[in-house]
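Using the UniProt record's numbering, read the sequence shown as starting at 1 and increasing by one per residue.
Beta carbons are placed, not taken as given, at the ideal position from N, Cα and C, and that holds for glycine.
Comments concern the structure below.
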Amino acid sequence: MLTDKLVFRIHRVLGLTAGLFILMLTLTGSILVLDSQVDAWLNPGVVTVEPAASRQPADALLASARRQFPTATLLNMRLYAGESDRATRVELKEKGERIWVYVNPYTGAVTGTREREKAFVRQMRELHESLLWEPYGGYIMGLVGLCLLGSVLTGAWYYRKSLLSVFSMGVRWKKSRRIVYADLHKYLGVVAMLFMTWMGATGVFFHWEHLERSFGNGPQRPKTEVTPPTITAVDTYLTRSQQAIPQLTPDLIAFPEAPDRPLVVRGNTPESNRMLGRFTAAVEFDALTGVQHKVFRAEEADAEYKLEHVFEELHFGRFGGPVTQILWIVMALATAVVSVTGLLIWWVKR
(Lines of atoms letter the chains of each structure in order from A and count residues from 1; the text may use other names and numbers.)
(Lines give C-alpha, C1' and ligand atoms only; values in the text may rest on other atoms or scores of the structure.)
Protein backbone atom coordinates (compact mmCIF):
# COMPACT_ATOMS: atom_id res chain seq x y z
CA MET A 1 0.00 0.00 0.00
CA LEU A 2 1.29 3.47 -0.92
CA THR A 3 1.33 5.17 2.47
CA ASP A 4 2.49 8.71 3.24
CA LYS A 5 5.43 7.23 5.12
CA LEU A 6 6.51 5.24 2.06
CA VAL A 7 6.04 8.27 -0.21
CA PHE A 8 8.25 10.36 2.08
CA ARG A 9 10.96 7.69 2.04
CA ILE A 10 10.88 7.66 -1.75
CA HIS A 11 11.01 11.47 -1.76
CA ARG A 12 14.04 11.45 0.52
CA VAL A 13 15.91 8.77 -1.44
CA LEU A 14 15.30 10.50 -4.76
CA GLY A 15 16.27 13.90 -3.36
CA LEU A 16 19.47 12.62 -1.76
CA THR A 17 20.41 10.68 -4.89
CA ALA A 18 20.06 13.68 -7.16
CA GLY A 19 20.84 16.48 -4.68
CA LEU A 20 24.38 17.45 -5.64
CA PHE A 21 23.68 16.88 -9.33
CA ILE A 22 20.67 19.20 -9.13
CA LEU A 23 22.81 21.86 -7.47
CA MET A 24 25.28 21.63 -10.37
CA LEU A 25 22.47 21.67 -12.93
CA THR A 26 20.91 24.83 -11.50
CA LEU A 27 24.24 26.68 -11.56
CA THR A 28 25.27 25.59 -15.06
CA GLY A 29 21.71 26.03 -16.31
CA SER A 30 21.69 29.64 -15.07
CA ILE A 31 24.88 30.26 -17.06
CA LEU A 32 23.37 28.67 -20.18
CA VAL A 33 20.27 30.87 -19.95
CA LEU A 34 22.65 33.81 -20.39
CA ASP A 35 25.26 32.01 -22.49
CA SER A 36 25.58 34.75 -25.10
CA GLN A 37 25.92 37.50 -22.50
CA VAL A 38 28.38 35.47 -20.40
CA ASP A 39 30.53 34.71 -23.43
CA ALA A 40 30.64 38.40 -24.37
CA TRP A 41 31.50 39.38 -20.80
CA LEU A 42 34.36 36.88 -20.60
CA ASN A 43 35.75 37.71 -24.05
CA PRO A 44 35.02 41.40 -24.68
CA GLY A 45 37.86 41.99 -27.12
CA VAL A 46 37.09 38.93 -29.20
CA VAL A 47 33.34 38.41 -29.54
CA THR A 48 32.21 42.04 -29.28
CA VAL A 49 32.99 44.95 -31.60
CA GLU A 50 32.22 48.64 -31.97
CA PRO A 51 29.19 49.07 -34.30
CA ALA A 52 29.72 51.08 -37.48
CA ALA A 53 27.61 52.33 -40.37
CA SER A 54 27.78 49.34 -42.71
CA ARG A 55 28.86 45.71 -42.73
CA GLN A 56 31.39 44.05 -44.99
CA PRO A 57 30.12 41.43 -47.47
CA ALA A 58 29.98 37.92 -46.07
CA ASP A 59 32.49 36.73 -48.67
CA ALA A 60 35.04 39.26 -47.43
CA LEU A 61 34.55 38.18 -43.80
CA LEU A 62 34.87 34.55 -44.78
CA ALA A 63 38.07 35.27 -46.69
CA SER A 64 39.56 36.92 -43.58
CA ALA A 65 38.86 33.81 -41.51
CA ARG A 66 40.22 31.48 -44.16
CA ARG A 67 43.51 33.37 -44.32
CA GLN A 68 44.07 32.41 -40.68
CA PHE A 69 43.51 28.69 -41.43
CA PRO A 70 43.89 28.15 -45.19
CA THR A 71 43.75 24.32 -45.02
CA ALA A 72 40.87 24.02 -42.53
CA THR A 73 37.45 22.62 -43.40
CA LEU A 74 34.70 25.24 -43.35
CA LEU A 75 31.77 24.24 -41.13
CA ASN A 76 29.50 27.23 -40.57
CA MET A 77 29.31 30.99 -40.31
CA ARG A 78 27.24 32.78 -37.66
CA LEU A 79 26.37 36.33 -38.73
CA TYR A 80 24.65 37.58 -35.54
CA ALA A 81 22.53 39.79 -37.76
CA GLY A 82 20.39 41.04 -34.89
CA GLU A 83 23.33 42.02 -32.66
CA SER A 84 25.16 45.07 -33.98
CA ASP A 85 28.01 44.79 -31.44
CA ARG A 86 28.74 41.11 -32.07
CA ALA A 87 31.61 39.77 -34.19
CA THR A 88 30.82 37.34 -36.99
CA ARG A 89 31.89 33.82 -36.01
CA VAL A 90 33.29 31.35 -38.54
CA GLU A 91 33.65 27.74 -37.38
CA LEU A 92 36.39 25.65 -38.96
CA LYS A 93 37.85 22.20 -38.42
CA GLU A 94 41.62 21.85 -38.42
CA LYS A 95 43.31 18.51 -37.59
CA GLY A 96 40.19 17.27 -35.82
CA GLU A 97 39.79 20.40 -33.70
CA ARG A 98 36.86 22.80 -34.10
CA ILE A 99 38.01 26.40 -34.13
CA TRP A 100 36.02 29.59 -33.81
CA VAL A 101 37.39 32.55 -35.78
CA TYR A 102 35.85 35.93 -34.94
CA VAL A 103 35.80 38.65 -37.59
CA ASN A 104 34.76 42.28 -37.16
CA PRO A 105 31.78 42.57 -39.56
CA TYR A 106 32.48 46.28 -40.18
CA THR A 107 36.24 46.20 -40.84
CA GLY A 108 36.89 42.57 -41.81
CA ALA A 109 39.68 42.30 -39.23
CA VAL A 110 40.05 39.05 -37.25
CA THR A 111 39.46 39.84 -33.57
CA GLY A 112 40.56 36.47 -32.21
CA THR A 113 40.37 32.67 -32.42
CA ARG A 114 39.36 29.99 -29.93
CA GLU A 115 39.11 26.22 -29.76
CA ARG A 116 35.39 25.55 -29.49
CA GLU A 117 35.62 22.82 -26.87
CA LYS A 118 37.69 25.04 -24.56
CA ALA A 119 35.19 27.90 -24.55
CA PHE A 120 33.69 28.37 -21.07
CA VAL A 121 30.04 28.39 -22.18
CA ARG A 122 30.66 25.28 -24.27
CA GLN A 123 32.19 23.46 -21.31
CA MET A 124 29.25 24.52 -19.13
CA ARG A 125 26.84 23.04 -21.65
CA GLU A 126 28.78 19.78 -21.81
CA LEU A 127 28.86 19.64 -18.00
CA HIS A 128 25.13 20.39 -17.82
CA GLU A 129 24.21 17.75 -20.38
CA SER A 130 26.75 14.99 -19.88
CA LEU A 131 29.11 15.72 -16.96
CA LEU A 132 31.90 16.13 -19.55
CA TRP A 133 31.71 12.34 -19.96
CA GLU A 134 29.95 11.41 -23.18
CA PRO A 135 27.98 9.26 -23.61
CA TYR A 136 27.77 7.83 -20.10
CA GLY A 137 27.35 11.17 -18.35
CA GLY A 138 24.28 11.79 -20.49
CA TYR A 139 22.71 8.57 -19.22
CA ILE A 140 23.42 9.65 -15.64
CA MET A 141 21.83 13.05 -16.28
CA GLY A 142 18.74 11.30 -17.64
CA LEU A 143 18.43 9.38 -14.36
CA VAL A 144 18.95 12.63 -12.43
CA GLY A 145 16.05 14.15 -14.37
CA LEU A 146 13.87 11.20 -13.37
CA CYS A 147 14.94 11.61 -9.73
CA LEU A 148 14.11 15.33 -9.79
CA LEU A 149 10.71 14.68 -11.35
CA GLY A 150 9.97 11.88 -8.89
CA SER A 151 11.13 13.95 -5.92
CA VAL A 152 8.85 16.85 -6.86
CA LEU A 153 5.83 14.61 -7.38
CA THR A 154 6.34 12.64 -4.16
CA GLY A 155 6.97 15.86 -2.21
CA ALA A 156 3.77 17.39 -3.60
CA TRP A 157 1.83 14.28 -2.63
CA TYR A 158 3.28 14.08 0.87
CA TYR A 159 2.56 17.75 1.61
CA ARG A 160 -0.67 17.86 -0.41
CA LYS A 161 -2.81 18.92 2.56
CA SER A 162 -0.59 21.82 3.56
CA LEU A 163 0.98 23.10 0.35
CA LEU A 164 -0.68 26.51 0.34
CA SER A 165 -0.21 27.00 4.08
CA VAL A 166 3.47 27.75 3.49
CA PHE A 167 2.56 31.24 2.27
CA SER A 168 0.72 32.13 5.47
CA MET A 169 3.29 30.52 7.76
CA GLY A 170 6.43 31.70 5.93
CA VAL A 171 9.88 30.83 7.25
CA ARG A 172 10.27 30.72 11.03
CA TRP A 173 13.75 32.22 11.18
CA LYS A 174 13.94 32.26 14.99
CA LYS A 175 13.35 28.54 15.36
CA SER A 176 15.95 25.78 15.34
CA ARG A 177 18.13 25.15 12.30
CA ARG A 178 16.16 22.06 11.36
CA ILE A 179 12.88 24.00 11.33
CA VAL A 180 14.42 26.86 9.32
CA TYR A 181 15.79 24.38 6.79
CA ALA A 182 12.44 22.59 6.62
CA ASP A 183 10.47 25.82 6.18
CA LEU A 184 12.80 27.04 3.42
CA HIS A 185 12.71 23.65 1.73
CA LYS A 186 8.92 23.53 1.74
CA TYR A 187 8.33 27.22 0.91
CA LEU A 188 10.68 27.36 -2.08
CA GLY A 189 9.64 23.87 -3.11
CA VAL A 190 6.07 25.10 -3.54
CA VAL A 191 7.16 28.33 -5.26
CA ALA A 192 9.34 26.48 -7.77
CA MET A 193 7.22 23.33 -8.04
CA LEU A 194 6.01 23.85 -11.61
CA PHE A 195 9.47 24.98 -12.70
CA MET A 196 11.18 21.91 -11.18
CA THR A 197 8.55 19.60 -12.67
CA TRP A 198 9.10 21.10 -16.11
CA MET A 199 12.90 20.97 -15.83
CA GLY A 200 12.81 17.33 -14.77
CA ALA A 201 10.35 16.32 -17.50
CA THR A 202 12.13 18.12 -20.34
CA GLY A 203 15.53 16.94 -19.10
CA VAL A 204 14.31 13.34 -19.28
CA PHE A 205 12.88 14.03 -22.75
CA PHE A 206 16.18 15.37 -24.09
CA HIS A 207 18.21 12.48 -22.70
CA TRP A 208 15.69 9.95 -23.98
CA GLU A 209 16.27 11.42 -27.43
CA HIS A 210 20.00 10.97 -26.85
CA LEU A 211 19.43 7.29 -26.07
CA GLU A 212 17.38 6.87 -29.21
CA ARG A 213 20.16 8.39 -31.31
CA SER A 214 22.79 6.23 -29.60
CA PHE A 215 20.94 2.94 -30.00
CA GLY A 216 18.69 3.70 -32.95
CA ASN A 217 18.29 1.31 -35.82
CA GLY A 218 18.48 3.94 -38.55
CA PRO A 219 21.19 3.90 -41.21
CA GLN A 220 24.49 5.37 -40.11
CA ARG A 221 26.62 7.54 -42.38
CA PRO A 222 30.08 5.99 -42.84
CA LYS A 223 32.78 7.99 -41.10
CA THR A 224 35.19 8.32 -43.99
CA GLU A 225 37.36 11.24 -44.95
CA VAL A 226 35.82 13.16 -47.84
CA THR A 227 36.74 16.40 -49.52
CA PRO A 228 34.00 18.99 -49.08
CA PRO A 229 33.09 21.13 -52.09
CA THR A 230 34.66 24.57 -52.40
CA ILE A 231 32.09 27.24 -51.62
CA THR A 232 32.25 30.64 -53.27
CA ALA A 233 29.85 33.57 -53.66
CA VAL A 234 28.34 33.22 -50.18
CA ASP A 235 26.59 36.58 -50.57
CA THR A 236 24.75 35.19 -53.58
CA TYR A 237 23.33 32.39 -51.44
CA LEU A 238 22.22 34.94 -48.85
CA THR A 239 20.47 37.02 -51.50
CA ARG A 240 18.76 33.99 -53.03
CA SER A 241 17.58 32.80 -49.63
CA GLN A 242 15.95 36.19 -49.04
CA GLN A 243 14.25 35.91 -52.41
CA ALA A 244 12.97 32.45 -51.50
CA ILE A 245 11.67 33.64 -48.10
CA PRO A 246 10.61 37.30 -48.16
CA GLN A 247 11.84 39.38 -45.19
CA LEU A 248 14.22 36.63 -44.09
CA THR A 249 17.14 37.81 -41.96
CA PRO A 250 19.89 35.21 -42.56
CA ASP A 251 21.88 34.44 -39.42
CA LEU A 252 23.66 31.12 -39.97
CA ILE A 253 25.23 29.51 -43.01
CA ALA A 254 25.88 25.77 -42.61
CA PHE A 255 28.44 24.60 -45.16
CA PRO A 256 28.49 21.03 -46.51
CA GLU A 257 31.10 18.66 -45.07
CA ALA A 258 30.68 16.28 -48.03
CA PRO A 259 29.78 16.71 -51.73
CA ASP A 260 26.36 15.11 -51.22
CA ARG A 261 25.37 17.45 -48.38
CA PRO A 262 23.51 20.74 -48.93
CA LEU A 263 24.48 24.29 -48.08
CA VAL A 264 21.84 25.67 -45.71
CA VAL A 265 21.03 29.29 -44.91
CA ARG A 266 19.06 29.67 -41.65
CA GLY A 267 17.41 32.70 -40.11
CA ASN A 268 14.17 34.32 -39.02
CA THR A 269 11.42 36.56 -40.36
CA PRO A 270 9.41 39.25 -38.52
CA GLU A 271 6.54 36.75 -38.23
CA SER A 272 8.73 33.96 -36.80
CA ASN A 273 7.37 32.18 -33.74
CA ARG A 274 10.21 32.43 -31.20
CA MET A 275 8.94 29.34 -29.40
CA LEU A 276 9.87 27.20 -32.41
CA GLY A 277 13.62 27.59 -31.98
CA ARG A 278 16.52 29.93 -32.52
CA PHE A 279 16.17 29.68 -36.32
CA THR A 280 12.70 29.23 -37.76
CA ALA A 281 13.31 29.42 -41.51
CA ALA A 282 15.87 27.88 -43.85
CA VAL A 283 16.73 27.46 -47.51
CA GLU A 284 18.76 24.51 -48.81
CA PHE A 285 20.98 24.61 -51.89
CA ASP A 286 22.87 21.93 -53.77
CA ALA A 287 26.50 22.63 -52.88
CA LEU A 288 27.79 21.47 -56.27
CA THR A 289 25.27 23.04 -58.67
CA GLY A 290 23.86 25.88 -56.56
CA VAL A 291 20.31 24.74 -57.32
CA GLN A 292 17.79 25.53 -54.59
CA HIS A 293 16.48 22.31 -53.07
CA LYS A 294 13.81 23.29 -50.59
CA VAL A 295 12.45 25.98 -48.32
CA PHE A 296 11.74 25.24 -44.66
CA ARG A 297 9.48 27.14 -42.24
CA ALA A 298 9.18 25.93 -38.66
CA GLU A 299 5.49 26.88 -38.57
CA GLU A 300 4.89 24.28 -41.30
CA ALA A 301 6.97 21.52 -39.68
CA ASP A 302 5.54 18.35 -38.18
CA ALA A 303 4.38 18.07 -34.58
CA GLU A 304 7.55 16.27 -33.42
CA TYR A 305 9.81 19.08 -34.65
CA LYS A 306 7.64 21.73 -33.02
CA LEU A 307 7.45 19.83 -29.74
CA GLU A 308 11.23 19.37 -29.53
CA HIS A 309 11.95 23.05 -30.12
CA VAL A 310 9.20 24.33 -27.83
CA PHE A 311 10.59 22.10 -25.09
CA GLU A 312 14.12 23.45 -25.63
CA GLU A 313 13.01 27.09 -25.59
CA LEU A 314 11.00 26.52 -22.41
CA HIS A 315 13.83 24.56 -20.79
CA PHE A 316 16.35 27.38 -21.24
CA GLY A 317 13.92 30.30 -20.91
CA ARG A 318 15.07 31.98 -24.12
CA PHE A 319 11.64 32.62 -25.62
CA GLY A 320 10.77 35.81 -23.72
CA GLY A 321 14.07 37.68 -23.76
CA PRO A 322 15.45 39.26 -20.56
CA VAL A 323 12.17 38.82 -18.63
CA THR A 324 12.04 35.03 -18.90
CA GLN A 325 15.82 34.75 -18.59
CA ILE A 326 15.77 36.52 -15.22
CA LEU A 327 12.72 34.55 -14.07
CA TRP A 328 14.36 31.24 -15.04
CA ILE A 329 17.53 32.13 -13.13
CA VAL A 330 15.52 33.07 -10.02
CA MET A 331 13.62 29.76 -10.22
CA ALA A 332 16.89 27.88 -10.76
CA LEU A 333 18.42 29.47 -7.66
CA ALA A 334 15.26 28.60 -5.71
CA THR A 335 15.67 25.00 -6.89
CA ALA A 336 19.29 25.06 -5.71
CA VAL A 337 18.18 26.20 -2.22
CA VAL A 338 15.54 23.43 -2.16
CA SER A 339 18.25 20.89 -2.96
CA VAL A 340 20.70 22.26 -0.37
CA THR A 341 18.11 22.51 2.40
CA GLY A 342 16.97 18.96 1.67
CA LEU A 343 20.53 17.74 2.17
CA LEU A 344 20.86 19.83 5.36
CA ILE A 345 17.61 18.43 6.79
CA TRP A 346 18.91 14.91 6.22
CA TRP A 347 22.30 15.82 7.75
CA VAL A 348 20.76 17.31 10.89
CA LYS A 349 18.38 14.37 11.38
CA ARG A 350 20.80 11.54 10.77
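The three-state secondary structure of proline 70, taken from DSSP, is coil. Counting only the Cα atoms, leucine 188 lies some 10 Å from valine 171. Selection Asp260, Val103, Ala244 evaluated against proline 229 yields Asp260 as nearest (Cα-Cα). The beta strand (DSSP E) runs of length 3 or more contained entirely in the segment 71–158 are, from start to end of the chain, 73–78, 88–94, 97–103, 110–115.
Inter-segment contact for the segment 30–39 and the segment 93–100 is absent: fewer than three beta-carbon pairs are separated by less than 8 Å.
The three-state reading of DSSP puts isoleucine 253 in strand, counting E and B together. Look at leucine 263 here: in three-state DSSP terms it is strand.
Between threonine 17 and cysteine 147 the beta-carbon gap is near 5 Å, inside 8 Å, which marks them as a contact. Where lysine 294 is concerned, the enclosing beta strand (DSSP E) starts and stops at 292–297.
Taken through DSSP and simplified to helix, strand or coil, valine 283 comes out as strand. Here the C-alpha atom of threonine 249 lies approximately 6 Å from the C-alpha atom of threonine 269.
Across the structure, arginine 318 and tryptophan 198 are spaced so that their CA atoms are roughly 15 Å apart.
Just measuring C-alpha positions, the residue of Ser272, Ala334, Val310 sitting nearest phenylalanine 296 is Ser272. Residue Met331 holds the alpha-carbon nearest to the alpha-carbon of leucine 314 among Ala301, Glu300, Met331. If you look at threonine 341, you'll find it in the alpha helix (DSSP H) that goes 322–349. Among the bridge pairs identified by DSSP, threonine 48 is matched with Arg86.
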